[in-house]
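Engineer: Just so you know, the protein sequences line up as chains A and B, in that order. So in our numbering, spot 207 of the first sequence is number 191, and the numbers just go up one at a time. So in our numbering, spot 380 of the second sequence is number 364, and the numbers just go up one at a time.
2 protein chains.
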Amino acid sequence: MKVSTLYAPTLREIPSEAEIISHQLMLKAGMIRKAAPGVYNYLPLAWRTLKKIIQICREEMDAKGGQELMMPIIQPAELWKETGRWTVYGDEMFRLKDRHSRDFCLGPTHEEIITSLVRADVQSYRQLPLMLYQIQDKFRDEIRPRFGLMRGREFIMKDLYSFDKDEEGLEINYWKMYDAYCKIFERCGLSYRPVEADSGAIGGSGSIEFMVIAKSGEAGIAYCTACDYAANVEQAELKAIEVPAADVKELALVNTPNCRTMAEVAEFLGFEPEHAIKTLAYITDKGPILALVRGDHEVNEIKLKNTLDCLFLAMADDIVVREQMGSEAGYIGPIGIKEAIIVADHTVMNMVNTECGGNKQDFHFINVNPVRDFKPTIVADIRQIKEGDPCPHCGNPVATARGIEVGQIFKLQTKYSKALNAVFVDETGIEKPIVMGCYGVGVSRTMAASIEQNNDKDGIIWPAAIAPYHVVIVPVNSKDNRQIELAESLYNQLTAAGVEAAFDDRDERPGVKFKDADLIGYPLRITIGAKTLEDNLLECKIRRTGEVRYLKLEGCISVIKDMLLEL
Amino acid sequence: MKVSTLYAPTLREIPSEAEIISHQLMLKAGMIRKAAPGVYNYLPLAWRTLKKIIQICREEMDAKGGQELMMPIIQPAELWKETGRWTVYGDEMFRLKDRHSRDFCLGPTHEEIITSLVRADVQSYRQLPLMLYQIQDKFRDEIRPRFGLMRGREFIMKDLYSFDKDEEGLEINYWKMYDAYCKIFERCGLSYRPVEADSGAIGGSGSIEFMVIAKSGEAGIAYCTACDYAANVEQAELKAIEVPAADVKELALVNTPNCRTMAEVAEFLGFEPEHAIKTLAYITDKGPILALVRGDHEVNEIKLKNTLDCLFLAMADDIVVREQMGSEAGYIGPIGIKEAIIVADHTVMNMVNTECGGNKQDFHFINVNPVRDFKPTIVADIRQIKEGDPCPHCGNPVATARGIEVGQIFKLQTKYSKALNAVFVDETGIEKPIVMGCYGVGVSRTMAASIEQNNDKDGIIWPAAIAPYHVVIVPVNSKDNRQIELAESLYNQLTAAGVEAAFDDRDERPGVKFKDADLIGYPLRITIGAKTLEDNLLECKIRRTGEVRYLKLEGCISVIKDMLLEL
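1. Pull up the DSSP beta-bridge partners for Q392 of chain B, would you.
2. Residues bridged to G443 of chain B by DSSP?
3. Just confirm the distance between the C-beta atoms of I444 of chain B and I388 of chain B, as a whole number of angstroms; I'd bet it's less than 8 Å.
4. Taking Cβ positions, are V455 of chain B and Y423 of chain B nearer each other than 8 Å?
5. Contact defined as beta carbons within less than 8 Å: I believe P459 of chain B pairs with I512 of chain B. What is the distance between those atoms, to the nearest angstrom?
6. Check this for me: beta carbons of N337 of chain B and I225 of chain B, under 8 Å apart or not?
7. Please list the segments of the beta strand (DSSP E) lying wholly inside the region 106 to 166 of chain B, counting only runs of 3 or more residues, in order along the chain.
8. What is the DSSP secondary structure of D75 of chain A, counted as helix, strand or coil?
9. So with Cβ pairs under 8 Å, would you call M161 of chain B a contact of chain A?
10. Give a yes or no on whether the minimum CB-CB distance between I119 of chain B and chain A is below 8 Å.
11. Looking at the structure shown, is R466 of chain A part of a helix, part of a strand, or coil, going by DSSP?
12. Per DSSP, which one or two residues make a beta bridge with A214 of chain B?
13. Based on DSSP bridge pairs, tell me the residues matched to D329 of chain B.
14. Check the Cβ of E52 of chain B against every Cβ in chain A and list those closer than 7 Å, keeping chain order.
15. With C-beta atoms as the reference, is I58 of chain B less than 8 Å away from V179 of chain A?
16. For E180 of chain B, report the span of its alpha helix (DSSP H) as first-last.
17. Could you pull out every residue in the same chain whose Cβ sits closer than 7 Å to the Cβ of F556 of chain A, ignoring the five residues on either side in sequence?
18. With L297 of chain B and E285 of chain B assumed to form a contact (beta carbons below 8 Å), what rounded beta-carbon distance in angstroms separates them?
19. According to the neighbour-count rule (16 or more other Cβ atoms, all chains shown, within 10 Å of its Cβ), is A214 of chain A buried or exposed?
20. Pull up the distance between the alpha-carbon of T430 of chain A and that of R386 of chain A, whole angstroms please.
21. What three-state label does DSSP hand L535 of chain A in the structure shown?
22. Identify the continuous alpha helix (DSSP H) that holds N380 of chain A and give its terminal residues.
23. Would you tell me roughly how many angstroms separate the C-alpha atoms of I261 of chain B and K270 of chain B, rounded to the nearest one?
24. Using DSSP with H/G/I as helix, E/B as strand and the rest coil, what is G341 of chain B?
25. Identify each residue in the region -3 to 25 of chain B for which the Cβ-Cβ distance to at least one residue of chain A is less than 7 Å, and report them in chain order.
26. So F78 of chain B contacts chain A; which residues on that side make the cut at Cβ distance below 8 Å?
27. Kindly indicate if chain B contains any beta-carbon less than 8 Å away from that of E138 of chain A.
28. Can the beta-carbon of L566 of chain A be found closer than 8 Å to that of Y117 of chain A?
29. Taking any Cβ of chain B, which residues in the region 125 to 155 of chain A have a Cβ under 8 Å from it, in chain order?
30. So, at 7 Å on beta carbons, what are the nonlocal neighbours of K167 of chain B in its own chain, with the 5 sequence-adjacent residues on each side left out?
31. Kindly indicate which three-state DSSP category C243 of chain A falls into: helix, strand or coil?
32. Run through DSSP, which three-state label would D293 of chain B get?
33. Note the first and the last residue of the continuous alpha helix (DSSP H) segment covering C524 of chain A.
34. Could you tell me which chain B residues have their CB closer than 7 Å to the CB of L116 of chain A, listed as they occur along the chain?
35. Once DSSP output is grouped into helix, strand and coil, what is the label at R103 of chain A?
36. Do the region 10 to 19 of chain A and the region 95 to 114 of chain B make contact, defined as three or more Cβ pairs closer than 8 Å?
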């Protein structure tokens, strides 16, 4: 590609709405343009990179026996009503009516469609297992689309669905996909980590997220500093903390005037927050809830929701606390509460002679011994992991990091096959629901995540595998025919050798060309100047390291190809 | 691909709604499944073929300097309001609102989006010419989706847009695309014809359609039997027919009781229909219209609409004829009509001593001499071409055929750049609207058209270039290990040699396997039987011709590759 004709209109001013670096750099480098909030045009450079990510996904899916197909974007409401998700999806689903007033949505995901396809055409165990996938646009009407391609409303996903006759089959395909996903993100040149995840709205029994590690990541990850355990902080398990045995003292209600916060009570009564119980009041679709954690811990609301199996969870306001629970905000506690499901973190149940709210203004209990003094409805792991907490696998301290979720795999089990009656007849003639898994890669998100992870003050640093072009050739003086001729010849040779080269043939100052080369992030820049030309050398600069190598003209093509393999 | 695992669920019963052969065969061969009316799932076989057509389009667009990008499916209403097409598109456009009640449509085409992209980023003639394209899903809410992929509501198109600084630039790119389109349809192995076309709702000054010739085609084509002229019958030009000179007689109004049709009047007055004028009354957004053609000719309403430059045209009813035009249905004519724009076909103006309606019940004029007796508002070519009419280029008779439109190229000129203010500054500093063209290939339609053109009673006959697989290998006896081993080895060798092979490893009777092979339409079927195995031969059957060749095992891979090049 000659840069003079390349449609990559670079920008000097970045719109202020671009808050994160990938969004800023993609706008600046002429890779994307906004068509509407959360809806983007992918310009040629971005589209080249996306096609490469798509091709990597395709090859890895095919390698595992996946068969590619293509499902529609507009999906009839009837199917979504069968699984109940027509309602559950709420405002996040784009909905429309056709000219005959029939309801449709724009597919935010394709479980309903694929399951309805398979239920019509698969009847026997002989037709299983089956792995079907597509690489397709998806739609979610985010309430606040932002961060460029990171949280868009129209985006590209690879989604594969596995169909098995039993649990063992699912287990095999699930780990095949795990392996394929590792290969995909490795081949894309990304530093990533698979982490245990919550299976959330999709449903099912097990899930792993693939996180690209980046400071700007929206997700928290906890990982062990000793073993290979890693999990989304939403999900990371915690064992109950043991507490040394001690003599049990008598429960007492003490006056704590104007002490509403944990810090105030702790100071007034002279204990450390980790010695007390922290009580939070929520309202849910299962009724009012008290959640108890140790004073220095935080409640993990995802775990709490999963523990309760509730759809809705929000902090209770003062009126609920007073009128329904018969308590007082700031003084709430589990002892003598009027009405609430009590969910205690398992560490709480090990505490001895601890403190908690007295359920009346200006009073707290001391010498609380949970097992003796109140009866929790549920005891479970409901707290948020934090730096230094023990790894649930080996006990060593965990560290935390930020990550961008680029892929997720789910064991759906029979959630959709039961809802949509996708059944097969097994070897013994018995009809059973098909056992399913689903596996997604955020293709456009992977491009953005790659930029979040690979950039510097000058622009993007592409891993060679997904760079729009591998090499840019820059003649320093566009008036010097010998430079231009060599550049052109090199361009033709590289192209013939399968290297994707851009030739900056613009009549611009070298500074402009170098700046654009850094911004667009070509892995290699080959500069042709008067001096190197004289010496029959090429100046070859590695974008990532800034290292400059001088290559002999003779045999340079194979040297360049070798260099690219390392990038 | 092993056929035992291939997701191509064949059907025995074809749903009655499948009216045409491509629809029937794609359902039967397990290539497509309906998700909603006009909305289809492309199963693996279909998707493989579509990917090949897409790749052919991509290569030919790239070869002409096209740059691929990807525009969004959901498009903001504002842009469509700027060009006025938010209204013009009517019910055919899928519309939706996002959660903030902002109006969007699902792109039926992308002129608005691409022009708005280019207007923001292109300012100078130095950035032109530019050819940008995408291969993308498009949406049209057809009132009656039918014919499978032929008239769907969600379908795949390749669309390229050219941007030039002047007419000459457009001319160059238009013919580049003409050339690319010929290459695309040739490479797809289709028998096609480029025909002059109407530029219709898209607008602009010139247009050529690419038609795949097929009896089931929805479009009529007129082509010269001597020169290379061809046109859509909607568009085909006709010159005025000359009439021998004759003495002009005196106009007279004669009684023609109960003669309402051309045939009745002709018989009653004793002349041939081609001697008389046929008058049709229409209502349009420009007011009431009389259209005049020779008695044996038909009005071409597309030409009439274009001549009048009107948006709406429909036959006038009796009340309009009576009350607005002051005439009588069945007796309408141009002489003394009360109110109507008179559009006369140019042949009419050459007629001498002809007949027409008398504008009152039971009366016709005779000895009408158009130039003398009435004053048409417009004289133009408004009639429909028919078999035997003279070619407008060489005068030889034209023949007619049916075709399926698979591509169309348009000179848009400045229609969209003016509406959207997409301007550039030329070499002399003057601001001008960009000169545009647009060029579309119906990708999913091309697949269907290929089947319409290439099939027999047993199934599909794929041209090798777009066949989902090139070869199917069928061992006759799936219990015979030697047959299976040879089949497997051949399958591996062919795959390694880049031939896309399917290996029918199913435990089925040979008849079932042969039937499926014919239905799916693999260009070559290699049968491995006991006898040929003994003789070290392969039976190789060409799907299209039925011809069977026996190949020596040794060196068979290269023979098979050569055979495929001819298919």
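Glycine is no exception: its CB is placed at the ideal position from the N, C-alpha and C atoms.
Structural biologist: Inspection of the coordinates gives the following:
1. Per DSSP, the beta-bridge partners of Q392 of chain B are B:E193 and B:G424.
2. Paired residues: B:D440.
3. With 8 Å as the limit, I444 of chain B and I388 of chain B do not qualify as a contact, their Cβ atoms being about 16 Å apart.
4. No, they are not a contact pair.
5. That pair is a contact at about 5 Å.
6. The answer is no: Cβ separation not under 8 Å.
7. Runs found: 114 to 123 and 138 to 148.
8. Here D75 of chain A sits in helix by DSSP.
9. So no, M161 of chain B is outside the interface.
10. Not closer than 8 Å to any Cβ of chain A, the Cβ of I119 of chain B fails to qualify, so no.
11. The answer is helix: DSSP assigns R466 of chain A an H, G or I state.
12. As a beta-bridge residue in DSSP terms, A214 of chain B pairs with B:Y207.
13. Residue pairing by DSSP puts D329 of chain B in a beta bridge opposite B:A364.
14. Residues of chain A whose Cβ lies closer than 7 Å to the Cβ of E52 of chain B are, in chain order, P28 and W31.
15. Taking 8 Å as the Cβ cut-off, I58 of chain B and V179 of chain A do not qualify as a contacting pair.
16. No alpha helix (DSSP H) holds E180 of chain B; the beta strand (DSSP E) holding it covers Y176 to E180.
17. Nothing can be reported for residue 556 of chain A, as the shown portion of chain A is limited to -15 through 551.
18. About 6 Å separates the beta carbon of L297 of chain B from that of E285 of chain B, a gap short enough to meet the 8 Å contact definition.
19. A214 of chain A comes out buried.
20. In a straight line, the C-alpha of T430 of chain A is about 15 Å away from that of R386 of chain A.
21. Note: L535 of chain A maps to strand in three-state DSSP.
22. No alpha helix (DSSP H) contains N380 of chain A, which DSSP labels as neither H nor E.
23. One C-alpha to the other measures close to 23 Å.
24. G341 of chain B sits in a strand when the DSSP states are folded into three classes.
25. Of all residues in the region -3 to 25 of chain B, R17, A19, A20, V23, Y24 and N25 have a Cβ within less than 7 Å of some Cβ in chain A.
26. Those within 8 Å of F78 of chain B in chain A are I58, L80 and D82.
27. So, interface residue.
28. There is no way to answer for residue 566 of chain A, as the model of chain A reaches only from -15 to 551.
29. Cβ contacts with chain B come from D125, I127, R137 and E138.
30. So the qualifying residues of the chain are E44.
31. The answer is coil: DSSP assigns C243 of chain A none of H, G, I, E or B.
32. Coil.
33. Following the DSSP letters along the chain, one finds C524 of chain A in no alpha helix (DSSP H) but inside the beta strand (DSSP E) bounded by residues L521 to I526.
34. Near L116 of chain A (Cβ distances below 7 Å), the residues of chain B are Y(-9).
35. Of the three classes helix, strand and coil, the one that applies to R103 of chain A here is helix, per DSSP.
36. The answer is yes - the region 95 to 114 of chain B touches the region 10 to 19 of chain A, with three or more Cβ pairs under 8 Å.
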